[in-house]
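Below is one structure; the comments refer to it alone.
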Amino acid sequence: CALPICFFGLTWNHICIFFAAWLGFGFDFFDALLFNEVAKYCVPDLLGLPREHSSSEVTFWRGILSAAVLIGWAVGGAVFGWVADKYGRTKTLLCTIILFSVCTALCAAAPNVWLLLLFRFLIGLGIGGEVGAGATLVAESMPPKLRTVASSLLFSSACLGDLMAITVGNIFTDQSTALGRDSNNWRYAFLTGLIPAFVTILIRWRVKEPEQWVETHTQQDATSFKELFRPNNRRQTINGLVVCGIALVGWWSFSTFTPDVIDAIAGSEAEADDFNLMSGTLNTVATLAATGMVLVAAFFMKRTHMFLAIFVASALSMFLSLLLDMRGRTRLFAFFSIQFWTNAPFALFPVYLPELFPMRIRALGYGLCYNFGRLAAAAGLFIIGAVTKAVKDSPDQLLTTVSYIGILPSLGALFLLANFGYETFGKGLIDSSHKASASFVTPSSHDNDLGAPLLHGIKSA
Numbered sequence: 034c035a036l037p038i039c040f041f042g043l044t045w046n047h048i049c050i051f052f053a054a055w056l057g058f059g060f061d062f063f064d065a066l067l068f069n070e071v072a073k074y075c076v077p078d079l080l081g082l083p084r085e086h087s088s089s090e091v092t093f094w095r096g097i098l099s100a101a102v103l104i105g106w107a108v109g110g111a112v113f114g115w116v117a118d119k120y121g122r123t124k125t126l127l128c129t130i131i132l133f134s135v136c137t138a139l140c141a142a143a144p145n146v147w148l149l150l151l152f153r154f155l156i157g158l159g160i161g162g163e164v165g166a167g168a169t170l171v172a173e174s175m176p177p178k179l180r181t182v183a184s185s186l187l188f189s190s191a192c193l194g195d196l197m198a199i200t201v202g203n204i205f206t207d208q209s210t211a212l213g214r215d216s217n218n219w220r221y222a223f224l225t226g227l228i229p230a231f232v233t234i235l236i237r238w239r240v241k242e243p244e245q246w247v248e249t250h251t252q253q254d255a256t257s258f259k260e261l262f263r264p265n266n267r268r269q270t271i272n273g274l275v276v277c278g279i280a281l282v283g284w285w286s287f288s289t290f291t292p293d294v295i296d297a298i299a300g301s302e303a304e305a306d307d308f309n310l311m312s313g314t315l316n317t318v319a320t321l322a323a324t325g326m327v328l329v330a331a332f333f334m335k336r337t338h339m340f341l342a343i344f345v346a347s348a349l350s351m352f353l354s355l356l357l358d359m360r361g362r363t364r365l366f367a368f369f370s371i372q373f374w375t376n377a378p379f380a381l382f383p384v385y386l387p388e389l390f391p392m393r394i395r396a397l398g399y400g401l402c403y404n405f406g407r408l409a410a411a412a413g414l415f416i417i418g419a420v421t422k423a424v425k426d427s428p429d430q431l432l433t434t435v436s437y438i439g440i441l442p443s444l445g446a447l448f449l450l451a452n453f454g455y456e457t458f459g460k461g462l463i464d465s466s467h468k469a470s471a472s473f474v475t476p477s478s479h480d481n482d483l484g485a486p487l488l489h490g491i492k493s494a
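Per the working numbering, residue 34 is the first one in the sequence shown, and the count goes up by one each step.
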């Protein structure tokens, strides 16, 4: 069962844990983004309208259905975070992946938008729960020298989810519609949501609970949301809520505006299609590049300094890329900087958030902080829709309006400059008594030096 210790002391259990969580993150993005690929077909069908018909009712319901996932995401992060702390990380990981997989498939059977709305909310519950359980499981299970590497790499699976959603949407909707196939093609696309459930069940039996959690959870009292705001956890919780909220609202706001911005800067419909394809490719490259940047920087930079640099760079990239006078294709490539810096926090969250909280409330704290911003993002979808409609006919005004999103990371930078941030660099993970756990904390003070954790791992290998 155990893999020979030939690389950083990894065992099969470590590999299976990382693979399960990495796939879970990727499948999260797949299930969340799949709706965007089929919405232009399923929403009009369920409303009894022609697919070619673009109306305010269709736009309204697309916003409602997108917001349902975000609200479910926020609720699921908190609820299943508590479940993971109480009953185990691996059990919660399995249950949440099955939940959002099965509910994605059930969307195929939705007879009306109301049931589709329910299924979308349940999908959000599962996705929100999986993120906290998966990241906590990896942080607590991996060897200390590899924790930062493994945690930051989790976000790279977003590329897998994005690619899967685009591929499924292209095969089951765009191509099949062009060939005049079954009008229920979007229903077949939703059925592919069962793939994560099958894959997860196949690898679940190899994944064990973290030893530290197994040893201590029976001795712990029941966790509660109130504990997050007690004096010894309050500052960490507020800090997590702020940085996650700003990053999430900013990312969703820009992502929602992107199609309209591309239409505004493109010279024709054909060019807009090319720009959309290029934007998706650039976003994939930006995701991988941001993950690599965070992976390296996390070894020698303080976490608060990293967030500060990310927020400042995000604000500057939005203001400069959207307000400077540029041609269409040049501006599109300038968007790469926005995509890079708005993706970067999500590679850092799996490293930073588990360090904020003791084991007994780690998954709960992670789930609440990471998903809090989605409630604001859900409300923002309606505001964004109204703003876009008001300025859509004026490209310059649209670009100026979108640039205001840069105010959000600017506020985040001011929050950190005012020394409200909570630093965890070099402290490692802490146990339930707020003391550093020997198996969690970095082995020595030298591990805070540039590249030292990596060098230690190479020597031990």
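Virtual Cβ for every residue (Gly too), placed ideally from N, Cα, C.
CA-to-CA, the gap between L365 and Q430 works out to about 17 angstroms.
In terms of Cβ geometry, L341 and L450 form a close pair [threshold 8 angstroms]. It is roughly 10 angstroms from the alpha-carbon of L43 to the alpha-carbon of C49.
The criterion of a C-beta distance shorter than 8 angstroms is satisfied by F368 and S312.
Per DSSP, R362 is one residue of the alpha helix (DSSP H) stretching across G361 to L389. By the Cβ-count criterion, L310 is exposed, with fewer than 16 other Cβ atoms from all chains shown falling within 10 Å of its own Cβ. Rounded to whole angstroms, the gap between the alpha carbons of P176 and A141 is 42 angstroms. Sequence-distant Cβ neighbours of F405 in its own chain, meaning closer than 7 angstroms and more than five residues away, are A107, L274, C277 and G278. By the C-beta density criterion, E248 is exposed, having fewer than 16 other C-beta atoms within 10 angstroms.
With respect to the C-alpha of T92, the residue from L126, P77, D358 and P383 having the closest C-alpha is P77.
Taking C-beta atoms as the reference points, T181 and V384 count as a pair closer than 8 angstroms. Per DSSP, N316 is one residue of the alpha helix (DSSP H) stretching across E302 to A330. T200 and R268 have their C-alpha atoms spaced approximately 43 angstroms apart.
CA-CA distance, G161 to A222, rounds to 22 angstroms.
Beyond the five residues adjoining it in sequence on each side, V240 comes within less than 6 angstroms, by CB distance, of C49, I50, A53 and T123 in the same chain, given in chain order.
Fewer than three pairs of CB atoms, one per stretch, sit closer than 8 angstroms, so the region 225-232 makes no contact with the region 93-102. Pairing W285 with G121, the inter-Cα distance amounts to about 31 angstroms.
In this structure, L158 keeps its C-beta atom at 8 angstroms or more from the C-beta atom of L127. DSSP, reduced to helix, strand and coil, places R407 within a helical segment of the structure shown. In this structure, the beta-carbon distance from R336 to T457 falls below 8 angstroms.
Under the rule that a run must span 4 or more residues, the alpha helix (DSSP H) segments found entirely inside the region 165-240 read 177-186, 191-202, 218-224 and 228-237. In this structure L386 is in contact with Y403, their Cβ atoms being roughly 6 angstroms apart against a cut-off of 8 angstroms. DSSP places P428 within a helical segment (H, G or I) once states are collapsed to three. With fewer than 16 other beta carbons inside 10 angstroms of its own, E302 counts as exposed. In this structure S189 is in contact with T320, their Cβ atoms being roughly 7 angstroms apart against a cut-off of 8 angstroms. Counting along the chain, G283 sits inside the alpha helix (DSSP H) bounded by residues P264 to I298. Distance check between F68 and each of W55, E163, N203 and E260 places N203 closest, using alpha-carbon atoms only.
In this chain, the alpha helix (DSSP H) harbouring S443 covers I440 to L450. Going by beta carbons, F113 and A166 fall inside the 8 angstroms limit.
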